[in-house]
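Protein chains: 2
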Amino acid sequence: MNREALKGHLDLLVLSVLADGPLHGYAVIEQLRIRSLDVFDLAEGTVYPVLHRLELAGHLTSEWSEVAGRRRRSYVLTRSGSAQLDQQRATWQVFASSMNAVLVRKPWPNTP
Amino acid sequence: MNREALKGHLDLLVLSVLADGPLHGYAVIEQLRIRSLDVFDLAEGTVYPVLHRLELAGHLTSEWSEVAGRRRRSYVLTRSGSAQLDQQRATWQVFASSMNAVLVRKPWPNTP
DNA sequence: CCTAGACACTTAGTGCTGCTAGGCGTAGTA
DNA sequence: TACTACGCCTAGCAGCACTAAGTGTCTAGG
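Residue numbers (the numbering used here), protein chains in the order written: chain A, 1 to 112; chain B, 1001 to 1112.
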């Protein structure tokens, strides 16, 4: 996997897993790994700053809790975050289909 | 379109249009715009450095010519470039399908 | 008891890459 | 004459994912 491939798509991934219910950071990482079948195996230092950024932008809300002696910070999608998700989903689809359109192998022009 | 979305995928796009025949830089830009239905409307300063980098890596060969008083530099895919294209195609498919796998909306667990 | 590893969070700094912005030059057209 | 399309080039910028290092809890194994 290209080391730059995720650039510009990470927010979408994080918003997407949070759309199915609140999760704490570590669980977000886990979900991304599971759902992508180990393709997206992200470092904590990659994901946590994203969560902070999304919260700062108002797309997430966080809440501290303690489970089995370990403190957790759980994130919930806001209305704004949900809208952002919809928009980024659409953007992704445009991007992906454009990529595929370019990738289609065109035959050489038939010059008789 | 996200301004970072292309990161890590641009080489693939350029290699892909060149796989269908030699093109000069300006024509590469044009092809990308046409095939993507105006989604990829790249600046010259974006594409030319990519061509130079790919040539330096041995994936392309270039040749100068003059057409209607204007000098052109046409690029041809090398065998190495063709292999690179195949590999990057595969990488893209893994990436795209992983993205889509994460984007699938999972229903909330049914807790009665 | 002590160590290793999973769990859980944080953040300063780095590196890569696409993009901006500016430059050069020709040909056609209004 | 000036503007646009064609055609090329590159130094520097910006923004993002990632590295690396830190803190701390809990459990399992030797």
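Where a beta carbon is used, it is the ideal one built from N, C-alpha and C, also for glycine. Keep in mind that this is a model prediction, so the values were computed, not measured.
Of the listed residues the options, nearest to residue i (C-alpha basis)
| i | options | result |
| --- | --- | --- |
| threonine 1078 of chain B | B/Ala1005, B/Lys1007, B/Asn1002, B/Gly1021 | B/Gly1021 |
| aspartate 1011 of chain B | B/Asp1086, B/Ser1074, B/Leu1103 | B/Asp1086 |
| glutamine 1088 of chain B | A/Asn100, A/Pro49, A/Arg89, A/Leu54 | A/Asn100 |
| glutamine 1054 of chain B | B/Gln1093, B/Glu1030, B/Val1076, B/Val1094 | Reading off the sequence, residue 1054 of chain B comes out as leucine, not glutamine. Selected option, being the one with the closest Cα: B/Val1076. |
Beta-carbon proximity of residue i to residue j, cut-off 9 Å
| i | j | result |
| --- | --- | --- |
| valine 1067 of chain B | valine 102 of chain A | no |
| glycine 1025 of chain B | valine 1047 of chain B | yes |
| leucine 2 of chain A | glycine 1008 of chain B | The sequence given here places asparagine at residue 2 of chain A; leucine does not occur at that position. Going by C-beta atoms, asparagine 2 of chain A is nearer than 9 Å to glycine 1008 of chain B. |
| valine 1028 of chain B | valine 1014 of chain B | yes |
| leucine 51 of chain A | aspartate 41 of chain A | no |
| alanine 5 of chain A | threonine 1061 of chain B | no |
| serine 98 of chain A | serine 1098 of chain B | no |
Cβ separation of residue i and residue j, assumed to be a contact under 8 Å, to the nearest whole Å
| i | j | result |
| --- | --- | --- |
| alanine 19 of chain A | arginine 1105 of chain B | 7 Å |
| leucine 23 of chain A | serine 74 of chain A | 7 Å |
| alanine 96 of chain A | alanine 1096 of chain B | 6 Å |
Proximity test, residue i beta-carbon vs the ligand SAM heavy atom, cut-off 8 Å
| i | result |
| --- | --- |
| leucine 15 of chain A | This structure lacks the ligand SAM, and indeed carries no ligand of any kind. |
Which parts of the stretch 40-87 of chain A are runs of the alpha helix (DSSP H), unbroken and 4 residues or longer, counting only runs that do not cross its ends? Whole alpha helix (DSSP H) segments, 4+ residues: 44-56.
For the stretch 3-16 of chain A, list every residue whose C-beta sits within 8 Å of some C-beta in chain B, in sequence order. The residues in question are Arg3, Glu4, Ala5, Leu6, Lys7, Gly8, His9, Leu12, Leu13, Ser16.
For the stretch 32-45 of chain A, list every residue whose C-beta sits within 8 Å of some C-beta in chain B, in sequence order. Leu32, Arg35, Ser36, Leu37, Val39, Phe40
So if I threshold CB-CB distances at 7 Å, which residues from the stretch 20-31 of chain A count as touching chain B? Asp20, Gly21
Pull out every residue of the stretch 55-80 of chain A whose Cβ sits closer than 9 Å to any Cβ of chain B, in chain order. Going along the stretch 55-80 of chain A in chain order, one finds no residue with a Cβ nearer than 9 Å to chain B.
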